[in-house]
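Under the numbering used here, think of the first position of the sequence shown as 15, with each following residue one higher.
Yeah, the Cβ is synthetic: ideal placement off N, Cα and C, and Gly gets one too.
As the structure is a prediction and not an experimental result, all values here were calculated from the model.
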Amino acid sequence: MTLNMRPAEHMPFETFGVMRRDREPLLRFMLDALERVGCRVLRASQPDTAPFQFSFVTPTGERMGVVAYAFYANSRLTKNRPDDEYRFQIKYGSKDGKEHRLWQDHFGLYTTLLVGISPEEGFFVGADPVLNSPTKFFISKEFKRARVEHVIRDGWHTWERDRRAGDESPVEVLVGGTAHAFLRYVRLEREALGEDQGHRQLLAERASDPAWVGTIVRQVPAPDVVAVPNQIHRLAEEFELREAEVLDLIAQTRRLKMAVRGWVAEEHLLRRLKAVSGVTDCARLDEEGGPDLRLRYRGSRPLSIECKNVLRQRTREGLPRVDFQRTRASKSDPCSRYYSASDFDVLAACLHAVIEQWEFSFALPRTLDAHAKCKGKLSNNVRVDDRWQRQAEVILAQAAA
């Protein structure tokens with residue numbers, strides 16, 4: 015295969031010089047994997063510059079681009095580490111202690127990958143590039159040999175990353191596949207951009223079907239001026255587009271789709287609470303870092319509601335779980351990642367990632383477990399157990415008391 019290699023100048027992201035001979039097998043794995051399923055590679059950056067950038071056309075004629083932060087995945091024995099452990103190390107250049115941001119294309123033309131690859135064993139494991147940005151270099155992503163065996167046997171596998179005892183970092187969902195599934199993986203990362211980890215895993219499980227291609231977009235020709243009947247939505251009228259075209263525009267533009275998805279659970283919660291007898295003044299809040307909704311219950315003071323999505327994987331007892339922490343913490347205060355009982359009055363857990371229906375359970379923050387290390391904070395390890403109620407009225411009455 016003859017590649018149309020291009021120099022790396024003018025790339026809109028931070029680049030790093032790497033050894034061509036050492037890194038070329040990583041780039042070769044990805045490009046060969048695409049060609050094996052009928053893609054045609056258009057352009058690729060030189061393998062002596064990381065991250066790798068390339069573009070290609072799928073068998074159906076869709077043009078796609080990738081920016082890949084790619085590293086070797088291996089099971090090299092390491093002192094004081096388990097014998098059955100694989101890992102890939104996020105490492106470019108020297109260990110400078112700085113935080114490096116993983117680039118995302120604001121125009122949605124390129125999909126960013128953060129991936130470990132084993133060219134010899136023929137598999138890859140991908141991590142969430144949004145969750146891991148910014149990152150320090152020399153950070154390792156570990157996973158068990160049993161996961162690799164599953165990937166190689168089935169061609170596709172997704173799981174929560176095994177965490178060390180005492181590790182309180184956010185829950186992270188990894189996705190692994192063989193070379194034949196690499197195009198599917200690129201589509202998944204495009205589809206799952208910015209999703210919480212529960213829905214990332216739900217999407218990855220759906221993508222286990224080899225026929226999965228993500229969102230299907232109907233190609234609707236847009237005339238210069240659209241005749242707009244009076245009954246259509248006023249937003250479509252303002253845009254001079256048909257309603258279906260507005261939805262297609264959202265589906266085609268991943269940043270729009272990500273933003274809309276982020277509001278869907280809150281919209282369903284808003285509707286659910288507005289239907290509760292005794293609830294008034296129920297409205298969504300749009301405050302950065304603040305609660306999601308506010309309402310009054312039977313004439314109470316204003317009550318604030320925080321909405322969180324559950325993770326896809328349940329506990330051994332079958333209980334849904336909430337990774338109850340902020341993604342980032344202040345550098346000067348690691349405990350700022352965790353919530354306090356006074357941050358809001360009611361916590362609502364959206365169960366969609368588990369039951370695939372927009373239903374909720376409710377709890378009082380003051381009844382949840384305290385954090386083991388951070389005084390005045392709540393534990394990030396939350397089980398939706400008997401302290402929770404599916405009937406919002408019960409918890410609202412207790413919060414209003």
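Next item on the list: Could you please give me the residues that DSSP links to D347 through a beta bridge?
Entry: Position 333 of the sequence shown holds residue 347. Its beta-bridge partners are S344.
Next item on the list: Output the distance between the C-alpha atoms of E49 and V162, rounded to the nearest integer angstrom.
Entry: Residue mapping note: residue 49 aligns to position 35 of the sequence shown, counting from 1. Residue mapping note: residue 162 aligns to position 148 of the sequence shown, counting from 1. Going by the C-alpha atoms only, they are around 23 Å apart.
Note to self: Please report the straight-line C-alpha distance between V231 and V278, rounded to a whole angstrom.
What the structure shows: Within the sequence shown, the letter at position 217 stands for residue 231. Within the sequence shown, the letter at position 264 stands for residue 278. With a pLDDT of only 44 at V231, under 50, the local geometry of the prediction cannot be trusted, and no value is derived from it.
Next item on the list: Quick one: grab the DSSP three-state call for F196.
Entry: The residue you call residue 196 lines up with position 182 of the sequence shown. F196 falls in the helix class under three-state DSSP.
Checklist line | Secondary structure, beta strand (DSSP E): runs of 3+ residues fully inside the stretch 275-320 | finding: 293-298, 307-311
Notebook entry, point to check: So is T92 in contact with chain C if we call contact Cβ pairs under 8 Å?
Noted result: Among the chains in the structure shown there is no chain C, since it carries only a single protein chain.
Check: Is there contact between the stretch 340-350 and the stretch 371-379, where contact requires at least three CB pairs shorter than 8 Å?
Finding: no
Checklist line | Whole-angstrom distance between H114 and I104, CA atom to CA atom | finding: To locate residue 104, count along the sequence shown from 1; it is residue 90. To locate residue 114, count along the sequence shown from 1; it is residue 100. One C-alpha to the other measures close to 11 Å.
Margin query: Between the alpha carbons of R95 and S89, how many angstroms are there, rounded?
Written below: Start at 1 with the first residue of the sequence shown, and residue 95 comes out as number 81. Start at 1 with the first residue of the sequence shown, and residue 89 comes out as number 75. Approximately 11 Å between the Cα atoms of the pair.
Check: Mind checking A236: buried by the 16 CB within 10 Å criterion, or exposed?
Finding: Taking the first residue of the sequence shown as 1, we reach residue 236 at position 222. Only weak support is given to the placement of A236: the predicted model assigns it a pLDDT of 40, under 50, and the question is left unresolved by the model.
Margin query: Classify Q215: buried if its beta carbon has 16 or more other beta carbons within 10 angstroms, exposed otherwise.
Written below: In the sequence shown, residue 215 corresponds to position 201, counting from 1. Under this definition Q215 is a buried residue.
Next item on the list: Pull up the DSSP beta-bridge partners for E99, would you.
Entry: Taking the first residue of the sequence shown as position 1, residue 99 is located at position 85. According to DSSP, E99 bridges with K158.
Checklist line | From V227, P148, D168, residue whose alpha carbon lies closest to that of E76 | finding: Locating residue 76 in the sequence shown gives position 62, counting from the first residue. The shortest Cα separation from E76 among V227, P148, D168 belongs to V227.
Check: Looking at T294 and R315, is the spacing between their C-beta atoms short of 8 Å?
Finding: Sequence index remark: in the sequence shown, residue 315 carries index 301 (1-based). Sequence index remark: in the sequence shown, residue 294 carries index 280 (1-based). For R315 and T294, no; Cβs fall outside 8 Å.
Notebook entry, point to check: Taking all protein chains shown into account, do 16 or more other C-beta atoms lie within 10 angstroms of the C-beta of F121, making it buried, or fewer, making it exposed?
Noted result: On the sequence shown, residue 121 is found 107 positions in, with the first residue counted as 1. Exposed: under 16 other Cβ atoms inside 10 Å.
Checklist line | Chain-order list of residues whose beta-carbon lies under 8 Å from that of T329 (same chain, five-residue window excluded) | finding: Along the sequence shown, read from residue 1 onward, the residue named residue 329 stands at position 315. These residues qualify, in order along the chain: R335, R397.
Note to self: Going by C-alpha to C-alpha distance, which of S356, I153, N146, M78 sits closest to L123?
What the structure shows: Walking along the sequence shown from the start, residue 123 turns up at place 109. Closest by alpha carbon: M78.
Margin query: Tell me the residue span of the alpha helix (DSSP H) that contains F43.
Written below: Reading the sequence shown from its first residue, position 29 is the one you call residue 43. Where F43 is concerned, the enclosing alpha helix (DSSP H) stretches over 34-50.
Checklist line | Host alpha helix (DSSP H) of D262 (start-end) | finding: Your numbering for residue 262 matches position 248 in the sequence shown. 257-266 is the extent of the alpha helix (DSSP H) around D262.
Margin query: Is it buried or exposed, G304, if we count other Cβ atoms within 10 angstroms and call 16 or more buried?
Written below: If you number the sequence shown from 1, residue 304 lands on position 290. Exposed, because fewer than 16 other Cβ atoms sit within 10 Å of the Cβ of G304.
Check: Among A265, E251, R177, which has the Cα closest to the Cα of E99?
Finding: Your numbering for residue 99 matches position 85 in the sequence shown. Of the candidates A265, E251, R177, the one whose C-alpha sits nearest the C-alpha of E99 is R177.
Next item on the list: Closer than 6 Å by C-beta to V69: which residues in its own chain qualify, once you throw out the five before and the five after it? Chain order, please.
Entry: On the sequence shown, residue 69 is found 55 positions in, with the first residue counted as 1. It should be noted that the sequence gives Ser, not Val, for residue 69. Contacts found: L56, R57, G79.
Notebook entry, point to check: Where does D142 fall in DSSP's three states?
Noted result: Along the sequence shown, one-based indexing puts residue 142 at 128. In the structure shown, D142 sits in coil (DSSP, three-state: anything other than H, G, I, E or B).
Next item on the list: Let me know the secondary structure DSSP gives S354 once reduced to three states.
Entry: Within the sequence shown, residue 354 is the residue found at index 340, counting from 1. Correct three-state label for S354: coil.
Next item on the list: Would you list the one or two residues that DSSP bridges to T63?
Entry: As a working note, residue 63 is residue 49 in the sequence shown. T63 pairs with G31.
Note to self: Using the three-state DSSP reduction, which class does L410 fall into: helix, strand or coil?
What the structure shows: In the sequence shown, residue 410 corresponds to position 396, counting from 1. It is helical.
Margin query: Using CA atoms only, rank isn't needed, just tell me which of E28, D46, N146, D119 is closest to L270.
Written below: Locating residue 270 in the sequence shown gives position 256, counting from the first residue. Answer by Cα proximity: D119.
Next item on the list: Decide if G130 is buried, meaning its Cβ has at least 16 other Cβ atoms within 10 Å, or exposed.
Entry: Here residue 130 corresponds to residue number 116 of the sequence shown, with the count starting at 1. By the neighbour-count rule (16 or more Cβ atoms within 10 Å), G130 is buried.
Checklist line | 6 Å CB neighbourhood of R401 in its chain, flanking five on each side removed | finding: For this step, residue 401 is matched to residue 387 along the sequence shown. Cβ within range, chain order: A377, T381.
Notebook entry, point to check: Can you pull the DSSP bridge partners for D400?
Noted result: For the purposes of this step, residue 400 is taken as residue 386 along the sequence shown, with counting starting at 1. In the DSSP output, where bridge partners are listed per residue, D400 has none listed.
Check: If you drop the 5 nearest sequence neighbours on each side, which residues of the same chain put their C-beta closer than 6 Å to that of G292?
Finding: Along the sequence shown, one-based indexing puts residue 292 at 278. Excluding sequence neighbours, G292 sits near Y311, R312.
Next item on the list: State the Cα-Cα distance for the pair D168 and I153, rounded to the nearest angstrom.
Entry: Taking the sequence shown and counting its residues from 1, the one referred to as residue 168 is at position 154. Taking the sequence shown and counting its residues from 1, the one referred to as residue 153 is at position 139. Computed Cα separation, rounded: 28 Å.
Note to self: Rounding to the nearest angstrom, what Cα-Cα distance links K93 and K155 in this structure?
What the structure shows: Taking the sequence shown and counting its residues from 1, the one referred to as residue 93 is at position 79. Taking the sequence shown and counting its residues from 1, the one referred to as residue 155 is at position 141. Those two C-alpha atoms are separated by around 16 Å.
Next item on the list: In angstroms with no decimal places, state the Cα-to-Cα distance between L45 and F30.
Entry: The count along the sequence shown starts at 1 and reaches residue 45 at position 31. The count along the sequence shown starts at 1 and reaches residue 30 at position 16. Roughly 20 Å separates the two Cα atoms.
Next item on the list: From the DSSP output, in three-state form, read off F68 for me.
Entry: By 1-based counting over the sequence shown, the position of residue 68 is 54. Strand at F68.
Checklist line | Buried/exposed call for E370, threshold 16 Cβ in 10 Å | finding: Looking up residue 370 in the sequence shown gives position 356. With fewer than 16 Cβ atoms within 10 Å of its Cβ, E370 is classed as exposed.
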